[in-house]
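Peer 1: Mind looking over this structure? Questions follow.
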Amino acid sequence: MKVLWTDGEIYTMHAENEKIEAVLVEDGKIIQTGSKESLFPLANKVNSLNGATMYPGFVDSHIHLVMHGEKLAYLDLSNFTSINEIVKEVTQRVSQNEWYVAEGWNDNRLIEGRPINCSDLDHIKETPIVLKRVCRHVLVANTKALELAGITKDTANPTGGIIGKDSDGNLNGLFFDEAQQLITSKIPPKTTEYLVDVIKNSVSDLQAKGLTGVHTEEMAYYGPYTVPLQAYREAIDKNFRVHLLRHHDAFEKMQGEVPTGFIEFGAMKIFVDGSLGGHTALLSEDYSDEPGNRGVAVHDPNKLEQLVQLARKYNEAIAVHVIGDMATEIIVGLIEKFPAPEGKKDRLIHVNVLRKDLVERMIKLPLVLDLQPIFVPSDFPWVIDRLGNNRLKWAYAWKSLIDRGFECSGGSDSPIEVADPLLGMDAAVNNSYLPEQSLSAYEAISLFTTGSAKAIGKENERGKILPGYDADFTIVNMELNNSTFLKAEVLETIVAGNTVYENNIVREK
């Protein structure tokens, strides 16, 4: 059946302000675009936009889909402003002897001005407690959890991680980066059935936010990769596009897995450093508010080089978490030494802190920069204390990077931030902390459309409303610009020509 969409503003995203009157869809693909008059006779059905605005389907290029779904069910600690409030709420929710997990605490928001520690939680003696920091690079565990994990003050720091201690050398319950696995590995594993439900709930929420797909990575966090992968195969129908990055621990094992039209396999995911909030992002100079600390390297240099070589062995790109400038410097050196396979591009995720000399090296490489605009309102103003004013010129430098010609995609990093592309776009264009880095509305929308397509080499089939492209659309109730991103509401989300979400409440107003 040939379906015509018309009677509204249809932005192709092929060029700034380029609009068409109508788009004709058949079997999940756009077959023609043009005037309503010319395409109307070809249609078997006409869907009127009734004055609404259509864009290519929004895609979040960096999210943790399962974790986003879990956050919908977990206690969200991100809005709490005191440790006492958090402890009181957690105390009311725990079940004796069952592990209790919540996430989102942010010491930059807490009136106590410090992280939670195990002594805050140790009145809960029979239940192991794990509370993950908002960045997910730090967690706090109570003494019961430490006992079950066999952690003592004599336990050595693992490679790429730190076990927190107080000034007297006693455990404080904090675990940084790779050290978190000492605790999380003891939490009973999730079943496929559990993950199926979580994925379905997550997808429903994301569709309601106008997302037609995501790039995600969780193949090493729920037991063998076969467990989450089977859950994805059961949960994802033809209603959402999932591009799975493959964690370096699962990458080689996943060779030979067959993708579908809606579940794809992508680059090897590697972590080089941690987070600025946790003081574990790897910097070339000391943290301004913590002299003597330059962050944490997740892997030693030999291991990191071996991982890059492994990806190249299978003719694959890498997708690398790099927040600090030293982390970026390390991986850029390895990409220069072991170039990306011809026709593919490596992805640098976050790139929050850079330097001019690094940018000059990066521009010579086939890279896509995976940006999270929503980090700016979340990280400022406290990040100024972490970095100092001298490093801000190339920190969160989205506009400078785009102006230099870098291909950039846009994501949320949910559950760390809110998985709402309209909020991300607004953060990109209305940057009150770094106004010189504000993007145009077209650039912001491009991050979540054409940019996300470029990040996975799909720029000739997704991200635009053109003949031959996938019929993935996001329909909103008004044209998107600098003043409307926060006012606009998603009316309909279409994947492969089929409506997967419809906002009848707004439409009936």
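Taking the UniProt record's numbering, I'd label the letters of the sequence shown as residues 1 to 509. Cβ atoms here follow ideal geometry from the backbone N, Cα and C, with glycine treated the same way.
Would you call Asn-352 buried or exposed, if buried means 16 or more other Cβ atoms sit within 10 Å of its Cβ?
Peer 2: Answer is buried; the Cβ neighbour count reaches 16.
Peer 1: Do Leu-245 and Lys-269 have their beta-carbon atoms positioned less than 8 Å apart in this structure?
Peer 2: Going by C-beta atoms, Lys-269 is nearer than 8 Å to Leu-245.
Peer 1: Taking all protein chains shown into account, do 16 or more other C-beta atoms lie within 10 angstroms of the C-beta of Pro-228, making it buried, or fewer, making it exposed?
Peer 2: When all chains shown are included, Pro-228 counts as buried.
Peer 1: Classify Ala-22 as helix, strand or coil using the three-state DSSP reduction.
Peer 2: Of the three classes helix, strand and coil, the one that applies to Ala-22 here is strand, per DSSP.
Peer 1: Does the segment 237-257 come close enough to the segment 209-217 to have 3 or more Cβ pairs within less than 8 Å?
Peer 2: In short, these stretches touch, since the Cβ pair count reaches three.
Peer 1: Leu-367: which of Cys-408, Cys-135, Ser-185 and Ile-183 sits nearest, CA to CA?
Peer 2: Per the Cα distances, Cys-408.
Peer 1: Can you give me the C-alpha to C-alpha distance between Ser-440 and Asn-482, rounded to a whole angstrom?
Peer 2: Cα to Cα, Ser-440 sits roughly 8 Å from Asn-482.
Peer 1: Taking just the CA atoms, how far does Asn-50 sit from Leu-211?
Peer 2: Straight-line Cα distance between these residues: approximately 21 Å.
Peer 1: In the DSSP assignment, find the unbroken alpha helix (DSSP H) run with Trp-382 in it and report its ends.
Peer 2: Here the alpha helix (DSSP H) through Trp-382 covers 382-387.
Peer 1: Who are the near neighbours of Asp-426 in its chain, counting only those whose CB is closer than 7 Å to its CB and skipping five residues on each side?
Peer 2: Around Asp-426: Phe-485 and Leu-486.
Peer 1: Of the residues Ile-335, Glu-342 and Pro-341, which one's Cα is nearest the Cα of Leu-348?
Peer 2: Per the Cα distances, Ile-335.
Peer 1: Return the CA-CA distance between Glu-285 and Gly-292, expressed in angstroms with no decimal places.
Peer 2: Approximately 9 Å between the Cα atoms of the pair.
Peer 1: At what residues does the beta strand (DSSP E) containing Gln-180 begin and finish?
Peer 2: Segment: none, Gln-180 is in no beta strand (DSSP E) and carries neither H nor E.
Peer 1: Below 8 Å, how does it come out for the segment 453-466 and the segment 488-508: are there three or more Cβ pairs, yes or no?
Peer 2: No, the segment 453-466 does not touch the segment 488-508.
Peer 1: In terms of residues, what are the limits of the alpha helix (DSSP H) holding Cys-118?
Peer 2: Looking at the DSSP string, the run of the alpha helix (DSSP H) that includes Cys-118 is 118-121.
Peer 1: CB-CB under 8 Å to Asn-108, same chain, minus the five flanking residues each way: which ones, in chain order?
Peer 2: Hits under 8 Å: Gly-277 and Trp-382.
Peer 1: Are Glu-37 and Tyr-442 close, meaning C-beta to C-beta below 8 Å?
Peer 2: Against a cut-off of 8 Å, the Cβ pair of Tyr-442 and Glu-37 comes out as no contact.
Peer 1: Considering only the beta carbon of each residue, do His-137 and Ser-275 sit closer than 8 Å?
Peer 2: Result yes, Cβ atoms of His-137 and Ser-275 sit closer than 8 Å.
Peer 1: When you compare each of Lys-19, Val-429, Ala-149 and Val-140 to residue 515 by their alpha carbons, which one comes out closest?
Peer 2: There is simply no residue 515 to check, as the chain begins at 1 and stops at 509 in what is shown.
Peer 1: For the putative contact between Ile-86 and Ile-116, defined by C-beta atoms under 8 Å, what is the C-beta separation to the nearest angstrom?
Peer 2: Ile-86 to Ile-116, Cβ: 7 Å. Contact.
Peer 1: In the DSSP output, which residue or residues are listed as bridge partners for Asp-346?
Peer 2: Leu-367, per the DSSP bridge assignment.
Peer 1: Counting Cβ pairs closer than 8 Å, one from the segment 53-67 and one from the segment 7-21, do we hit at least three?
Peer 2: Flag = yes, the segment 53-67 and the segment 7-21 touch.
Peer 1: Ordered along the chain, which non-local residues of its own chain (more than five positions away) have a Cβ less than 8 Å from that of Ile-199?
Peer 2: The residues are Leu-65, Val-66, Gly-69, Ala-231, Tyr-232, Ala-235 and Ile-236.
Peer 1: Considering only residues of the same chain and omitting the five flanking positions on each side of Ile-363, which have a CB-CB separation below 8 Å?
Peer 2: Within the same chain, Ile-363 has close Cβ partners Arg-404, Gly-405 and Phe-406.
Peer 1: What separation, rounded to the nearest whole angstrom, lies between the Cα atoms of Ala-319 and Ile-331?
Peer 2: If I take the Cα positions, the gap works out to 10 Å.
Peer 1: Is the Cβ-Cβ distance between Asp-470 and Lys-29 less than 8 Å?
Peer 2: Yes, the Cβ-Cβ distance between Asp-470 and Lys-29 is below 8 Å.
Peer 1: Using the Cβ count rule (16 or more neighbours within 10 Å means buried), how would you classify His-123?
Peer 2: By the neighbour-count rule (16 or more Cβ atoms within 10 Å), His-123 is not buried but exposed.
Peer 1: Let me know the secondary structure DSSP gives Phe-240 once reduced to three states.
Peer 2: Note: Phe-240 maps to coil in three-state DSSP.
Peer 1: So does the segment 394-402 actually touch the segment 258-265, counting three or more Cβ pairs closer than 8 Å?
Peer 2: As far as the Cβ criterion goes, the segment 394-402 does not touch the segment 258-265, which means the pair count is below three.
Peer 1: From Thr-159, Gly-161, Asp-168 and Val-140, pick the residue whose C-alpha is nearest to that of Lys-153; which is it?
Peer 2: The candidate whose alpha carbon is nearest that of Lys-153 is Asp-168.
Peer 1: Buried or exposed: Ala-327, going by 16 or more other Cβ atoms within 10 Å of its Cβ?
Peer 2: When all chains shown are included, Ala-327 counts as buried.
Peer 1: Rounded to whole angstroms, what's the CA-CA distance from Trp-5 to Val-500? Just pull it up for me.
Peer 2: Roughly 16 Å separates the two Cα atoms.
Peer 1: Sort out for me which residues DSSP pairs Cys-408 with in a bridge.
Peer 2: Leu-369.
Peer 1: Could you please give me the residues that DSSP links to Tyr-501 through a beta bridge?
Peer 2: Answer by DSSP bridge pairing, in chain order: Thr-493.
Peer 1: Give the straight-line distance between the Cα atoms of Thr-81 and Gly-104, rounded to the nearest whole angstrom.
Peer 2: C-alpha separation (whole angstroms): 11 Å.
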